[in-house]
Amino acid sequence: MLEFKLVEQTLDNGLRVIVQEDHTTPVVSVHVMYHVGSKHERPGRTGFAHLFEHLMFQGSENVVEDAHFKYIQNAGGSLNGSTWFDRTNYFETLPSNELELGLWLESDRMGFFESAITQEKLDNQRNVVKNERLQSYENRPYGLAVETILSMVYPEGHPYRHPTIGFMEDLDAASLEDVKAFFHQFYTPDNAVLVLAGDLEADEGFDLAHEYFGDIPRGSGALQVSAPMAPPIGRPRDRIFDRVQFPRVYIFHHSPAYGQQGFEEADVLSYVLGQGKSSRLYHKLVYEDRIAQDVTAQVWPTEDCGICFIVATARPGVDVAELEAKILDVLIEVQRRGLEHREAEGGVNRALRNLVAELDSIGSRSDAIATAATFLDNPAYVNEVFANIAAVTPEAVVAIADEWLTEERRAVLHVLPSEDGVEAE
Amino acid sequence: MRARGPPTLDRSRRPVSGPAPKIQLPRFERLPLGNELTLLAVRHDDLPEVSVRLVIPSGAADDHRDRAGTALLTARALTEGTEERSAHEVAQALDFIGARLNVEVTHDGTILSLAFLSRVFDEAIELLAEIVSRPAFEESEVDRLKDKRLDEIVSGRDEPRIVANLNLAGAIFGDHPYGLSAGGVEETVKTLSGADLREFHDRYYRPAAATLVLVGDLPGSEELAKRLESVFSGWNGDAAAQTTLPDPDPIAARRIWAVDWSGPQSELRIGGVGIARLDPVYPAVKVMNSIVGGLFSSRLNMNLREDKGWTYGASSRFEGRKQRGPFRAATAVDAQHTAAAVREMLSEIESMHTTPPTREELELARNALTLSMPRLFETVNQVAARVGDQVIYGLPEDYWERYSDLVRDVSAAEVHDAAVRYLDSDRLAVVVVGPVAELKEELAELGDLEFRDVDGRPASA
Numbered sequence: 001m002l003e004f005k006l007v008e009q010t011l012d013n014g015l016r017v018i019v020q021e022d023h024t025t026p027v028v029s030v031h032v033m034y035h036v037g038s039k040h041e042r043p044g045r046t047g048f049a050h051l052f053e054h055l056m057f058q059g060s061e062n063v064v065e066d067a068h069f070k071y072i073q074n075a076g077g078s079l080n081g082s083t084w085f086d087r088t089n090y091f092e093t094l095p096s097n098e099l100e101l102g103l104w105l106e107s108d109r110m111g112f113f114e115s116a117i118t119q120e121k122l123d124n125q126r127n128v129v130k131n132e133r134l135q136s137y138e139n140r141p142y143g144l145a146v147e148t149i150l151s152m153v154y155p156e157g158h159p160y161r162h163p164t165i166g167f168m169e170d171l172d173a174a175s176l177e178d179v180k181a182f183f184h185q186f187y188t189p190d191n192a193v194l195v196l197a198g199d200l201e202a203d204e205g206f207d208l209a210h211e212y213f214g215d216i217p218r219g220s221g222a223l224q225v226s227a228p229m230a231p232p233i234g235r236p237r238d239r240i241f242d243r244v245q246f247p248r249v250y251i252f253h254h255s256p257a258y259g260q261q262g263f264e265e266a267d268v269l270s271y272v273l274g275q276g277k278s279s280r281l282y283h284k285l286v287y288e289d290r291i292a293q294d295v296t297a298q299v300w301p302t303e304d305c306g307i308c309f310i311v312a313t314a315r316p317g318v319d320v321a322e323l324e325a326k327i328l329d330v331l332i333e334v335q336r337r338g339l340e341h342r343e344a345e346g347g348v349n350r351a352l353r354n355l356v357a358e359l360d361s362i363g364s365r366s367d368a369i370a371t372a373a374t375f376l377d378n379p380a381y382v383n384e385v386f387a388n389i390a391a392v393t394p395e396a397v398v399a400i401a402d403e404w405l406t407e408e409r410r411a412v413l414h415v416l417p418s419e420d421g422v423e424a425e
Numbered sequence: 426m427r428a429r430g431p432p433t434l435d436r437s438r439r440p441v442s443g444p445a446p447k448i449q450l451p452r453f454e455r456l457p458l459g460n461e462l463t464l465l466a467v468r469h470d471d472l473p474e475v476s477v478r479l480v481i482p483s484g485a486a487d488d489h490r491d492r493a494g495t496a497l498l499t500a501r502a503l504t505e506g507t508e509e510r511s512a513h514e515v516a517q518a519l520d521f522i523g524a525r526l527n528v529e530v531t532h533d534g535t536i537l538s539l540a541f542l543s544r545v546f547d548e549a550i551e552l553l554a555e556i557v558s559r560p561a562f563e564e565s566e567v568d569r570l571k572d573k574r575l576d577e578i579v580s581g582r583d584e585p586r587i588v589a590n591l592n593l594a595g596a597i598f599g600d601h602p603y604g605l606s607a608g609g610v611e612e613t614v615k616t617l618s619g620a621d622l623r624e625f626h627d628r629y630y631r632p633a634a635a636t637l638v639l640v641g642d643l644p645g646s647e648e649l650a651k652r653l654e655s656v657f658s659g660w661n662g663d664a665a666a667q668t669t670l671p672d673p674d675p676i677a678a679r680r681i682w683a684v685d686w687s688g689p690q691s692e693l694r695i696g697g698v699g700i701a702r703l704d705p706v707y708p709a710v711k712v713m714n715s716i717v718g719g720l721f722s723s724r725l726n727m728n729l730r731e732d733k734g735w736t737y738g739a740s741s742r743f744e745g746r747k748q749r750g751p752f753r754a755a756t757a758v759d760a761q762h763t764a765a766a767v768r769e770m771l772s773e774i775e776s777m778h779t780t781p782p783t784r785e786e787l788e789l790a791r792n793a794l795t796l797s798m799p800r801l802f803e804t805v806n807q808v809a810a811r812v813g814d815q816v817i818y819g820l821p822e823d824y825w826e827r828y829s830d831l832v833r834d835v836s837a838a839e840v841h842d843a844a845v846r847y848l849d850s851d852r853l854a855v856v857v858v859g860p861v862a863e864l865k866e867e868l869a870e871l872g873d874l875e876f877r878d879v880d881g882r883p884a885s886a
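Here is the structure:
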């Protein structure tokens with residue numbers, strides 16, 4: 001039903017190049033994904049992968065400071081980067097006649113970054129990132145819930161225990177030497193995937209990739225980290241206080257990792273439980289009992305151990321314990337009584353529609369291809385997902401709920417209101 | 426194919442651009458329906474999906490002031506039960522086919538967006554027709570929607586960025602409908618009943634006033650018209666008389682609204698009365714805004730983020746509405762730099778008068794606005810949203826095709842004129858959500874200082 005023709009070549013230096021031609025619109029996407037994320041950070045340097053991502057926009061040997069954004073915007077393009085537990089990506093969408101501009105910028109910072117980095121740039125972007133932490137986490141309601149849960153469910157030393165944004169004191173500690181060492185270790189062609197999608201010819205893409213990236217030396221082998229599934233650690237439960245008016249409950253479950261056995265079933269399960277007004281949790285909590293303002297269920301696309309969150313915010317006067325109990329009742333009901341055929345089919349249909357919409361833009365399509373190549377060594381996974389989801393049965397969804405949504409794999413966090421964000425004496 | 430010898434690339438300069446691609450913007454086909462519903466179809470069929478926008482050119486600005494929130498609740502109530510189905514049955518039907526319905530109500534209009542896979546075209550369109558033409562507005566569902574909206578309003582007080590936006594609208598527009606949140610406020614939402622929603626629906630949800638935009642993998646024109654004709658045939662009514670909103674008055678003198686907030690960051694806004702969407706000066710204002718705050722490389726962001734490192738980002742935009750809409754510059758800064766950041770923002774805005782755009786700035790702005798066109802019409806959702814905007818504001822059919830030329834023609838002098846008219850720093854409002862009590866003197870130096878609460882009501886210092 002959905003088939004993107006992917007062609008690929010690996011350069012001598014190990015850079016994997018994948019081209020997906022799409023001539024519908026005269027635009028191209030240039031997407032570089034490095035297999036490095038927050039899970040590769042060493043102790044005392046949380047947030048470093050993301051801080052490093054910021055520095056990659058500050059110029060390289062042939063691209064002067066502040067020029068990167070200007071080149072792209074002058075060409076009518078868009079650009080960004082993002083950091084995740086397992087990977088960091090950089091991407092541009094450009095008019096198709098500016099493909100080489102994207103390749104020039106990406107190859108310059110992959111091969112010729114080091115000479116351009118300065119203490120001043122590091123200090124400036126450190127401040128920017130600290131403000132990002134303030135804006136997106138600390139000064140935002142419920143903004144610290146997820147990092148609290150990570151520290152509850154993953155043991156000391158586990159690669160997923162800390163958030164990608166990192167902690168302030170670690171951001172402060174990052175030095176220029178750290179930047180250079182990180183670059184040498186992880187920002188090498190053999191630790192990256194280049195995806196070119198859109199209005200280009202595959203041969204042209206490979207030739208240009210060779211021309212721009214071919215002379216960048218291979219690395220000495222990036223340290224790869226695998227995050228082991230966390231063992232049950234005593235059904236953790238905690239509460240934090242925040243300057244909010246309504247309590248919220250976060251229910252975490254370990255779940256199948258991205259692209260692994262059971263991942264699509266878990267995805268469909270999240271739709272059946274908490275995406276759509278007829279979904280089990282939304283209907284029960286928001287419509288029938290009217291105790292929640294909203295409730296969602298989602299699975300995160302992580303490489304090693306999967307993450308599933310159910311989150312619900314209480315209506316005025318509702319006790320968070322009641323909210324939690326009702327959610328767990330719904331989970332048990334699904335486990336004991338199963339799902340109606342129509343209900344599971346609806347979950348499948350919503351997941352499929354969402355998938356198609358995601359793959360519509362060449363930017364997010366490139367991201368999907370790069371992720372499949374990086375995490376699974378199988379870019380063609382993007383073509384398999386549709387059929388995989390379409391084949392999910394109600395029984396398979398319930399089996400996933402049975403296997404994963406259990407007490408042993410669960411952690412619960414309550415976020416409670418307080419005037420000043422701390423517990424009242 | 427190029428030869429694959431050892432690379433001999435000259436990396437020291439930017440690669441030469443290839444010949445600019447021919448841009449084929451989507452043209453829409455206009456199909457007539459018996460009940461005068463306007464139908465615009467854009468075929469864009471590389472993927473098996475459809476994006477639909479049903480556009481009603483009436484929105485929050487059409488609310489009675491003491492019943493603000495009517496337009497939003499009317500739109501939200503459409504899915505909460507029809508003559509044939511309960512709220513749960515509508516939800517089940519939409520969820521079963523995997524369709525995603527989104528309701529957006531602005532001051533200027535109401536847009537129902539529906540996205541689905543093309544294989545469920547008939548079911549999706551039938552559901553859309555049912556909810557838009559035969560909603561039940563049952564009192565218990567309306568009560569639930571009121572509660573939900575009130576919960577949102579109360580939760581918004583926990584979010585400094587929402588508090589700042591709400592205060593800015595009040596500080597710029599005062600009693601004009603644009604001064605009030607498009608979903609109404611606590612006092613007005615509480616008064617609403619099913620009768621208010623029914624009345625709004627009767628008056629404004631009329632096929633002769635509405636437009637249905639369909640983009641994606643569509644049936645052939647004849648077939649499409651036939652199917653839609655039968656699905657929408659039960660929806661009747663002439664176009665309602667459109668109310669014309671008065672133009673908002675510009676701000677008389679610079680005012681500072683200060684909201685006390687003890688967080689690690691301060692949310693800052695500077696705004697004023699901008700332009701209407703149809704104002705011919707729109708392209709010049711877009712170019713001017715790109716230079717001051719519309720792009721990453723704009724003056725505001727380069728100063729506050731890349732030079733000072735006080736923020737994750739600073740930006741600005743002009744929102745053209747049916748009448749003169751807001752200009753808004755926004756940032757969130759480390760609280761210790763609150764007053765200094767306000768001064769820097771004002772100085773960058775004033776710099777648009779005193780420091781004319783360089784040739785480089787002007788070229789960057791024009792390029793970013795024009796060369797981005799292909800990428801802004803890439804997905805079915807983007808195309809449907811753009812066409813939906815054209816409908817609400819009555820932009821000509823070939824507007825986007827002419828847009829590049831309009832922007833290319835903008836001169837440095839026109840940018841300066843636009844700055845003089847719309848960035849007059851004596852006629853701007855400043856909102857600070859942060860540690861304002863301790864900054865009282867510093868802020869008072871910048872304009873008429875008033876303390877406000879999280880809802881924008883007068884507060885004590």
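Those sequence lines, one after another, are chains A and B. Residue numbers for the first sequence follow the working numbering, so the first one is 1 and each next one is one higher. Residue numbers for the second sequence follow the working numbering, so the first one is 426 and each next one is one higher. The beta carbon of each residue, even a glycine, is placed where N, CA and C say it ideally should be. As the structure is a prediction and not an experimental result, all values here were calculated from the model.
request  = Report yes or no: is there a C-beta of chain A within less than 8 Å of the C-beta of Ser437 of chain B?
outcome  = yes
ask   = What distance in whole Å lies between the Cβ atoms of Ala809 of chain B and Arg490 of chain B, which are believed to be in contact at a cut-off of 8 Å?
value = Contact flag wrong, Cβ pair sits at about 32 Å.
query = So Glu769 of chain B and Asn728 of chain B are in contact, right, with Cβ under 8 Å, and what is the actual spacing, rounded?
reply = 6 Å
For Phe721 of chain B, the three-state DSSP class (helix, strand or coil) = coil
ask   = From what residue to what residue does the alpha helix (DSSP H) around Ala869 of chain B run?
value = 865-869
task = Using beta-carbon positions only, say whether Val356 of chain A and Arg248 of chain A come within less than 8 Å of one another.
result = no
query = For the ligand COA, any of its heavy atoms closer than 7 Å to the Cβ of Asp576 of chain B?
reply = Annotation note on the ligand COA: not contained in the displayed structure, which lists no ligands.
request  = Return the bridge partner residues of Ala292 of chain A from the DSSP annotation.
outcome  = In the DSSP output, where bridge partners are listed per residue, Ala292 of chain A has A:Ala314.
message = Looking at chain A, is there any beta carbon in it that lies within less than 8 Å of the beta carbon of Thr779 of chain B?
response = It does not: the Cβ of Thr779 of chain B has no partner Cβ on chain A nearer than 8 Å.
inquiry  = Per the DSSP calculation, Val812 of chain B is bridged to which residue(s)?
reply    = In the DSSP output, where bridge partners are listed per residue, Val812 of chain B has none listed.
task = Count the C-beta pairs between the region 320-338 of chain A and the region 275-294 of chain A that are closer than 8 Å, then say yes if the count reaches three, no if not.
result = Note that the region 320-338 of chain A touches the region 275-294 of chain A; at least 3 beta-carbon pairs, one per stretch, sit closer than 8 Å.
ask   = Taking C-alpha atoms, which residue in B:Ser606, B:Ser558, B:Arg784 lies nearest to Gly484 of chain B?
value = Residue B:Ser606 is the option with its Cα nearest to Gly484 of chain B.
query = Can you check whether the CB of Ala837 of chain B is closer than 8 Å to the CB of Leu771 of chain B?
reply = Going by C-beta atoms, Leu771 of chain B is not nearer than 8 Å to Ala837 of chain B.
query = In chain A, which residues lie with their C-beta within 7 Å of the C-beta of Asp583 of chain B?
reply = Listed along chain A, the residues sitting closer than 7 Å to Asp583 of chain B by beta-carbon distance are Pro141, Arg243, Val244, Gln245.
request  = Given a cut-off of 8 Å, decide if Gly688 of chain B and Ala893 of chain B are closer than it, judged by their beta-carbon atoms.
outcome  = Any question about residue 893 of chain B goes unanswered here, given that chain B covers just 426 to 886.
query = Just how far apart, CA to CA, sit Trp660 of chain B and Thr669 of chain B?
reply = Pairing Trp660 of chain B with Thr669 of chain B, the inter-Cα distance amounts to about 25 Å.
inquiry  = Checking 8 Å against the spacing of the C-beta atoms, do Val398 of chain A and Leu339 of chain A come in under that value?
reply    = yes
query = At a CB-CB cut-off below 7 Å, which residues of chain A make contact with Val805 of chain B?
reply = Asp360
query = Could you give the C-beta distance for Gly699 of chain B and Arg749 of chain B, rounded to a whole number, given that I count them as a contact under 8 Å?
reply = At roughly 6 Å, the Cβ-Cβ gap stays under 8 Å, so Gly699 of chain B and Arg749 of chain B are in contact.
ask   = Assuming Pro301 of chain A and Thr371 of chain A make a contact with CB atoms under 8 Å, what is their CB distance in whole Å?
value = Right, their Cβ atoms sit about 7 Å apart.
query = In the region 124-140 of chain A, which residues sit with their C-beta less than 9 Å from some C-beta in chain B, listed in chain order?
reply = Asn124, Gln125, Arg126, Asn127, Val128, Val129, Lys130, Asn131, Glu132, Arg133, Leu134, Gln135, Ser136, Glu138, Asn139, Arg140
inquiry  = Contact criterion: CB-CB distance below 8 Å. Does Asp319 of chain A meet it with respect to chain B?
reply    = Proximity of Asp319 of chain A to chain B, defined by a Cβ-Cβ separation below 8 Å, is not satisfied.
message = Check whether chain B comes within 8 Å of Glu425 of chain A, counting only Cβ atoms and requiring the distance to be less than that.
response = Residue placement at Glu425 of chain A is flagged as unreliable, the pLDDT there being 48, under the threshold of 50; the coordinate-derived value follows with that caveat. No, Glu425 of chain A lies away from the interface with chain B (no Cβ there is under 8 Å from its Cβ).
ask   = Is it true that the CB of Arg877 of chain B sits closer than 8 Å to the CB of Asn592 of chain B?
value = yes
request  = Give a yes or no on whether 8 Å exceeds the smallest Cβ distance from Thr83 of chain A to chain B.
outcome  = no
ask   = In angstroms, rounded to a whole number, what distance separates the CA positions of Asp377 of chain A and Arg800 of chain B?
value = 29 Å
inquiry  = Please state the DSSP three-state secondary structure of Pro444 of chain B.
reply    = If DSSP states are grouped into helix, strand and coil, Pro444 of chain B belongs with coil.
message = Strictly below 7 Å CB to CB, what residues from chain A border Leu542 of chain B?
response = By Cβ distance, chain A contributes Leu352, Arg353, Val356.
key: Spatial neighbours of Arg586 of chain B in its chain, beta-carbon cut-off 6 Å, leaving aside the 5 residues before and after   = Glu692
inquiry  = Can you tell me whether Trp660 of chain B is helix, strand or coil according to DSSP?
reply    = Three-state result, Trp660 of chain B: coil.
query = Using the beta-carbon count (16 or more within 10 Å), is Thr804 of chain B buried or exposed?
reply = Buried, because 16 or more other Cβ atoms sit within 10 Å of the Cβ of Thr804 of chain B.
Bridge partner(s) assigned by DSSP for Glu8 of chain A = A:Ile18
query = Does the region 620-634 of chain B come close enough to the region 457-465 of chain B that 3 or more CB-CB pairs lie under 8 Å?
reply = Three or more Cβ pairs closer than 8 Å define a contact, and the region 457-465 of chain B meets that threshold against the region 620-634 of chain B.
key: Inter-stretch contact (C-beta, 8 Å, three-pair minimum) for the region 780-799 of chain B and the region 73-85 of chain A   = yes
request  = Please report how far the alpha carbon of Asn124 of chain A lies from the alpha carbon of Asp435 of chain B, in whole angstroms.
outcome  = The C-alpha of Asp435 of chain B is placed about 31 Å away from the C-alpha of Asn124 of chain A.
ask   = Any residues in the region 561-577 of chain B with a beta carbon nearer than 9 Å to a beta carbon of chain A? Which ones, in chain order?
value = Arg569, Asp572, Lys573, Leu575, Asp576, Glu577
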